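*Asks:* Heads up: the sequence shown begins at 14 in this note's numbering, then just goes up one per residue. Take this structure, written in structure tokens, and hold onto it; I'll ask about it next.
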Amino acid sequence: MLILRFVLFLIVFLPFPFMATAETSRVFPGKEWEAASPEEVGLDSAPLDRIAEYLGGEGCLIRHGKLIFGWGDYAQRGDVASAVKPWFTHFLLSAIEKGLLPSLDTPISDFVPCLKDLNPSLEWKDRLITFRHMDTQTSCYGVTEKPGTAFDYNDFQMALFFDTLMTKVYRVPLEAVDDQVLHPLLTDMLQCQDSPTFYAFGPNGRAGRLGVSP
């Protein structure tokens with residue numbers, strides 16, 4: 014459903030030139046978003062109301078750098094579930110850029126040696142898991158297939174991916190991932206107003222669940 018909503022957003026609201034009927038100028042937000050009506054940026058409010066009703070939840074639309082439509086409590090942080098995966102990818106690629114990780118094909122077992130001893134009956138297949146496998150959901154961690162041979166979406170591998178990336182590659186304790194990784198290396202630069210967190214369910218919850226507002 015998250016993917017469907019994102020696709021709908023791309024189809025309907027990307028700023029194609031032919032969609033604009035009003036004279037507009039592109040602006041960048043300051044400390045707060047500048048607001049405008051849909052009509053002021055060449056859109057019709059009625060279809061937006063129908064889309065908001067169909068999608069439910071909360072959301073907002075930005076066009077030409079202005080906040081032009083919103084529904085629900087779109088300024089409230091919430092768990093984005095699987096939509097966190099592009100954020101993990103960002104930090105993975107950033108680690109390579111910063112020289113903290115040699116490449117996407119670095120074995121996870123270089124950082125988590127116990128993987129080398131798992132599943133001797135399956136020819137110690139987990140020794141072969143790389144960061145690329147983790148990022149593309151093909152690690153096959155916890156199942157019988159060998160890494161790279163099947164798509165296997167599971168929370169156990171995502172937890173291993175996040176924990177290894179943060180505590181072994183970035184060398185930051187999980188309780189400090191917001192202050193030492195998430196904020197300074199991404200959301201502070203983006204000037205997020207809602208202080209996103211990798212503890213979407215609070216400090217006593219599991220690290221790795223992203224809480225951020227639309």
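Glycine included, C-beta positions come from ideal geometry on N, C-alpha and C. Small disclaimer: the values here were computed from a predicted structure and weren't measured.
Between which residues of its own chain and G218 is the CB-CB distance below 8 Å, once the five residues before and five after are set aside?
*Replies:* What you label residue 218 is simply residue 205 of the sequence shown in a count that begins at 1. Cβ neighbours of G218 beyond the five flanking positions: Y212.
*Asks:* Does the distance from the CB of V182 to the CB of R90 come in under 8 Å?
*Replies:* The residue labelled residue 182 in the question sits at position 169 within the sequence shown. The residue labelled residue 90 in the question sits at position 77 within the sequence shown. The answer is no: Cβ separation not under 8 Å.
*Asks:* Whole-angstrom Cβ separation of S134 and L128, contact assumed at under 8 Å?
*Replies:* For the purposes of this step, residue 134 is identified with residue 121 of the sequence shown, where counting begins at 1. For the purposes of this step, residue 128 is identified with residue 115 of the sequence shown, where counting begins at 1. That belief does not hold up - the Cβ atoms of S134 and L128 are roughly 15 Å apart, past 8 Å.
*Asks:* Excluding the 5 residues flanking L195 on each side, which residues of the same chain have their C-beta closer than 6 Å to its C-beta?
*Replies:* Within the sequence shown, residue 195 is the residue found at index 182, counting from 1. Taken in chain order, the residues that qualify are F211.
*Asks:* Please check the pair A48 and K79, which I expect to be a contact at CB under 8 Å, by giving their CB distance rounded to whole angstroms.
*Replies:* To locate residue 48, count along the sequence shown from 1; it is residue 35. To locate residue 79, count along the sequence shown from 1; it is residue 66. 6 Å between Cβ atoms; contact.
*Asks:* Grab me the residues of T34's own chain with a C-beta within less than 8 Å of its C-beta, minus the 5 sequence neighbours each way, in chain order.
*Replies:* For the purposes of this step, residue 34 is taken as the residue at position 21 of the sequence shown. Annotation note: pLDDT 43 at T34 (below 50); position unreliable, coordinate value reported separately. Answer for T34: G55, listed in chain order.
*Asks:* With burial defined as no fewer than 16 other Cβ atoms inside 10 Å of the residue's Cβ, what is the status of M202: buried or exposed?
*Replies:* Numbered from 1 along the sequence shown, position 189 holds the residue referred to as residue 202. Note on M202: under 16 other CB atoms within 10 angstroms of its CB, so exposed under the neighbour-count rule.
*Asks:* Per the contact definition of three or more C-beta pairs closer than 8 Å, is the region 184–200 in contact with the region 144–154?
*Replies:* no
*Asks:* Would L113 pass as a contact of F144 if the rule is Cβ separation under 8 Å?
*Replies:* In the sequence shown, the residue the question calls residue 113 occupies position 100. In the sequence shown, the residue the question calls residue 144 occupies position 131. Not closer than 8 Å, so no.
*Asks:* Give the straight-line distance between the Cα atoms of D139 and G161, rounded to the nearest whole angstrom.
*Replies:* To locate residue 139, count along the sequence shown from 1; it is residue 126. To locate residue 161, count along the sequence shown from 1; it is residue 148. About 11 Å.
*Asks:* I need the straight-line Cα distance from D86 to C73, nearest angstrom please.
*Replies:* Position 73 of the sequence shown, counting from 1, holds the residue named residue 86. Position 60 of the sequence shown, counting from 1, holds the residue named residue 73. Taking the straight line joining both Cα atoms gives about 9 Å.
*Asks:* Skipping 5 residues on each side, what residues in its chain have a beta carbon closer than 7 Å to that of F169?
*Replies:* As a first step, residue 169 must be located in the sequence shown, where it is residue number 156. Closer than 7 Å at Cβ, skipping near neighbours: Y154 and G155.
*Asks:* Look up A220 in the DSSP assignment and say whether it is helix, strand or coil.
*Replies:* In the sequence shown, counting from the first residue as 1, residue 220 sits at position 207. Coil.
*Asks:* Could you tell me if F175 is buried or exposed, where buried requires 16 or more neighbouring beta carbons within 10 angstroms of its beta carbon?
*Replies:* If you number the sequence shown from 1, residue 175 lands on position 162. Buried, since its Cβ has 16 or more Cβ neighbours within 10 Å.
*Asks:* Return helix, strand or coil for D92, following the three-state DSSP convention.
*Replies:* Start at 1 with the first residue of the sequence shown, and residue 92 comes out as number 79. Strand at D92.
*Asks:* Just how far apart, CA to CA, sit A88 and D191?
*Replies:* Here residue 88 refers to the residue found at position 75 of the sequence shown. Here residue 191 refers to the residue found at position 178 of the sequence shown. About 19 Å.
*Asks:* For F214, tell me which candidate among R63, L68, L178 and L223 has the shortest Cα-Cα distance.
*Replies:* Looking up residue 214 in the sequence shown gives position 201. Ranking R63, L68, L178 and L223 by Cα distance to F214 puts L223 first.
*Asks:* Taking DSSP as the reference, what is the three-state secondary structure of C153?
*Replies:* The residue you call residue 153 lines up with position 140 of the sequence shown. DSSP places C153 in coil when its eight states are reduced to three.
*Asks:* Taking the alpha-carbon positions, what's the M147 to W137 distance?
*Replies:* Looking up residue 147 in the sequence shown gives position 134. Looking up residue 137 in the sequence shown gives position 124. So the two alpha carbons sit approximately 17 Å from each other.
*Asks:* Cutting at 7 Å between CB atoms, please list the residues of its own chain near F82, excluding the five before and the five after it.
*Replies:* Indexing the sequence shown from 1 puts residue 82 at position 69. Around F82: P51, L61, C73 and L74.
*Asks:* Please go through the same chain and pick out, in chain order, the residues whose beta-carbon is closer than 8 Å to the beta-carbon of L141, but skip the five residues on each side of it.
*Replies:* Residue mapping note: residue 141 aligns to position 128 of the sequence shown, counting from 1. Taken in chain order, the residues that qualify are P120, K159, P160 and G161.
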